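In what follows, a structure is listed as C-alpha cells, so that the remarks can point back to it.
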Amino acid sequence: MDKELTFEDLGLSDEIMRALGSMGVKRPTTVQQKAIPPMMDNLSVIAKAPTGTGKTFAFAIPIMEYLNMDMKSVQGLILAPTRELALQIASEIRLLGKNIKGFRVAAVIGGQSINVQKERLDKHPQIVVATPGRLIDLVTRKMIDISNIYTLVLDEADEMLKMGFIKDIKRIIGMTPDDKQMALFSATMPREIQDITWQFMEGAVEIDVMPKAEDHPDIDEYFVNCPEKDKITVITRIIAKEDYTKVIVFCNTKDQASKVAMRLSNAGLSVQVLHGDIGQGRRNKVMEDYRRNRFDCLVGTDVIARGIDVDDIEAVFNYDIPQENELYLHRIGRTARAGKSGAAYSLISYREQPRFEEIIRYTKADPKEYPI
Ligand code: ADP
Ligand code: MG
1253 MDKELTFEDL GLSDEIMRAL GSMGVKRPTT VQQKAIPPMM DNLSVIAKAP TGTGKTFAFA
1313 IPIMEYLNMD MKSVQGLILA PTRELALQIA SEIRLLGKNI KGFRVAAVIG GQSINVQKER
1373 LDKHPQIVVA TPGRLIDLVT RKMIDISNIY TLVLDEADEM LKMGFIKDIK RIIGMTPDDK
1433 QMALFSATMP REIQDITWQF MEGAVEIDVM PKAEDHPDID EYFVNCPEKD KITVITRIIA
1493 KEDYTKVIVF CNTKDQASKV AMRLSNAGLS VQVLHGDIGQ GRRNKVMEDY RRNRFDCLVG
1553 TDVIARGIDV DDIEAVFNYD IPQENELYLH RIGRTARAGK SGAAYSLISY REQPRFEEII
1613 RYTKADPKEY PI
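Listed below in C-alpha cells is the structure:
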C-alpha cells in the first residue's frame, strides 16, 4: 500500500489548512490523497469513488489553491445533478474559503429567481456551482461567461446521466476552453460516462477508490422481515426503543413517501416529507429545519439520498427496498457521517426478499436481524 499522505504532505496553503482545522478535518480521505496531487499539477482526473468518501474537498481544494484573485471571470465551474447537492457543495466551499480574502462562491440552480442569481454573479464569484439546465439558461442570457474557466468539475456524473443531463453537459463542455482542466467524479462508470471521458478527457489520471473501512462510515446494518402493513409499527417501535431523534425514512416513490409520512405522523412522530415534486423554497426550509432538529423524522425518495450532508443523522430506514443496489449504499451513507456512527434498518416484505438478498451480495454487507 502507498504511504498515507497528510494534508501537510499535500502542501496546502495556510488559509485552507486553518479552514480544515476549524471544520475538524484532520486527515485526507483516500480519494483526497489520490486526486489532490494530480489536480494541483493541473492534470485532469477521472475518479470513481463511492459516496461519502470526501469528494467535495478532493476537487474543491485544488481549485481554491490556484485561484487568481485579480481575475473577474469565473475560474472554477462545478456541475452537480440536484439543487440540494449544488447548495451543499457551495456551502462547503464557502467554509473552506472563509480565510481567503475576497473569495466568493455562488450556486446557480433551477427554481431560484434569475434576478437573485444575477445579483450573485455580478459580485464576480471565482467558483460557481450549478445544475446543468439553469447554467445553460444563464449562459444563453449572457449572465455568466464560462469561456475562461480553468477547471470544470462534473460531480456525481452518473447521477447527472440518470437525470437526463448528458446533452446539457456536452454542450457546457463545448462552451468552456479546450485547454481547461477537467475532473469527473462518479460512483459508477456507465457507458455514457465513459464516452465523455474518452471524448473530452484524453490523458486524464484515473483513480478508482474502493469502499474502504476508514473511508466507509461506521454503520450497523439491520433488517426486519415484516409484512408491508406492519412497517409503520416496526419503525415507530425501533425509534422508541433506540431513542432516536433524527432519522431518515426512504421510500421508492413520491406517493409512497407522502403516504408513509402521513402514517408516521399519525403514529405520533414529528415528520416532514421531501420528494421531487416539492418546490425549492419548501425543500430548503425542510432541510434547514432538519439540520436544526426542529423535527425528528424526514421521509423521502432517493432525490434526497445523494449528497445531502447532515452530520448527525442517527438512523436510516429503508421502508421500501431500493430498486438499484447502488441506491442502498447511497441511502445508508446518509448516516455515520463525519466520523460518527449510525444504523441502517431495512424492512423487508416477503416480495422484497430476493431484491434484498441481491443487495447484500452486491454490497458485501452482513446485516443482522433486528429483534423486534
Ligand atoms: P462524497 O461527495 O464523496 O459523498 P463529501 O465530500 O460530501 O463526500 O464528504 C462527506 C462528509 O465527510 C462531509 O461531511 C465532509 O465534511 C466530511 N469529510 C470530507 N473529507 C473529510 C476528511 N478528510 N476528514 C473528515 N471528514 C471529512
Ligand atoms: Mg459528493
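If you want the working numbering, it's the position in the sequence shown, counting the first as 1, plus 1252.
The C-beta atom is built at its ideal place from N, Cα and C for all residues, glycine as well.
Quantities reported herein were computed from a predicted structural model and do not represent experimental measurements.
Query: Touching or not, the region 1449–1463 and the region 1293–1302, by the rule of three or more beta carbon pairs under 8 Å?; Result: yes
Query: Let me know the secondary structure DSSP gives Glu-1408 once reduced to three states.; Result: coil
Query: Nearest to Tyr-1402 by CA position, among Asp-1563, Asp-1572, Gln-1433, Ser-1510, is which residue?; Result: Gln-1433
Query: Under a Cβ-count criterion, where at least 16 other Cβ atoms within 10 Å of its own Cβ denotes burial, should Arg-1393 be classed as buried or exposed?; Result: exposed
Query: Among Ile-1345, Met-1321, Val-1326, which residue has its Cα nearest to the Cα of Ala-1310?; Result: Ile-1345
Query: Between which residues of its own chain and Ile-1418 is the CB-CB distance below 6 Å, once the five residues before and five after are set aside?; Result: Glu-1444
Query: Over what stretch of residues does the alpha helix (DSSP H) that includes Ile-1487 continue unbroken?; Result: 1483–1494
Query: Per the contact definition of three or more C-beta pairs closer than 8 Å, is the region 1480–1494 in contact with the region 1518–1525?; Result: yes
Query: To which residues does DSSP link Cys-1549 through a beta bridge?; Result: Val-1499, Val-1523
Query: Please confirm whether any heavy atom of the ligand GTP lies closer than 7 Å to the CB of Phe-1309.; Result: The ligand content of the structure shown is limited to the ligand ADP and the ligand MG, which means the ligand GTP is not among them.
Query: Around the Cβ of Ser-1365, are there at least 16 other Cβ atoms within 10 angstroms (buried) or fewer (exposed)?; Result: exposed
Query: Would the region 1603–1616 count as touching the region 1569–1580 if we require 3 or more Cβ pairs under 8 Å?; Result: yes
Query: By how many angstroms is the C-alpha of Tyr-1318 removed from the C-alpha of Ile-1459?; Result: 22 Å
Query: In the structure shown, what three-state DSSP assignment does Gln-1433 receive?; Result: strand
Query: Looking at the strands, I want to know which residues DSSP matches up with Ala-1439.; Result: Bridge partners of Ala-1439: none, in fact.
Query: Taking its Cβ as the centre, do 16 or more other Cβ atoms sit within 10 Å of Tyr-1580, making it buried, or is it exposed?; Result: buried
Query: With a CB to CB cut of under 6 Å and the five nearest residues on each side skipped, what residues in its chain are close to Asp-1467?; Result: The predicted model places Asp-1467 with a pLDDT of 47, which falls under 50 and marks its position as unreliable; any figure quoted below should be read in that light. Thr-1281, Thr-1282, Thr-1305.
Query: Please go through the same chain and pick out, in chain order, the residues whose beta-carbon is closer than 6 Å to the beta-carbon of Gln-1369, but skip the five residues on each side of it.; Result: Val-1360
Query: Enumerated in chain order, which unbroken segments of the beta strand (DSSP E) with a length of 3 residues or greater are wholly contained in the region 1302–1367?; Result: 1328–1331, 1357–1360
Query: According to DSSP, is Tyr-1597 part of a helix, a strand, or is it coil?; Result: strand
Query: Look at the alpha carbon of Leu-1337 and the alpha carbon of Glu-1604, and state the distance between them as a whole number of angstroms.; Result: 30 Å
Query: Is Asp-1407 a contact residue of the ligand MG, with contact defined as CB to any heavy atom under 7 Å?; Result: yes
Query: Span of the beta strand (DSSP E) holding Ala-1588?; Result: Taken as a continuous stretch (DSSP letters only), Ala-1588 belongs to no beta strand (DSSP E), as it is neither H nor E.
Query: Kindly identify the DSSP beta-bridge partner or partners of Tyr-1474.; Result: Tyr-1597, Lys-1620
Query: CB Val-1381 to CB Val-1357, shorter than 8 Å?; Result: yes
Query: With burial defined as no fewer than 16 other Cβ atoms inside 10 Å of the residue's Cβ, what is the status of Tyr-1602: buried or exposed?; Result: exposed
Query: Just to check my reading of the structure: Pro-1377 and Asn-1400 have Cβ atoms closer than 8 Å, yes? What is that Cβ distance to the nearest angstrom?; Result: Actually they are not in contact, since the Cβ atoms of Pro-1377 and Asn-1400 sit about 14 Å apart, beyond 8 Å.
Query: Would DSSP call Val-1277 helix, strand or coil?; Result: coil
Query: Cβ of Val-1555 within 8 Å of Cβ of Gly-1585?; Result: no
Query: In chain order, what residues of the same chain have a beta carbon less than 8 Å from the beta carbon of Met-1395, not counting five sequence neighbours either side?; Result: Ile-1366, Gln-1369, Lys-1370, Leu-1373
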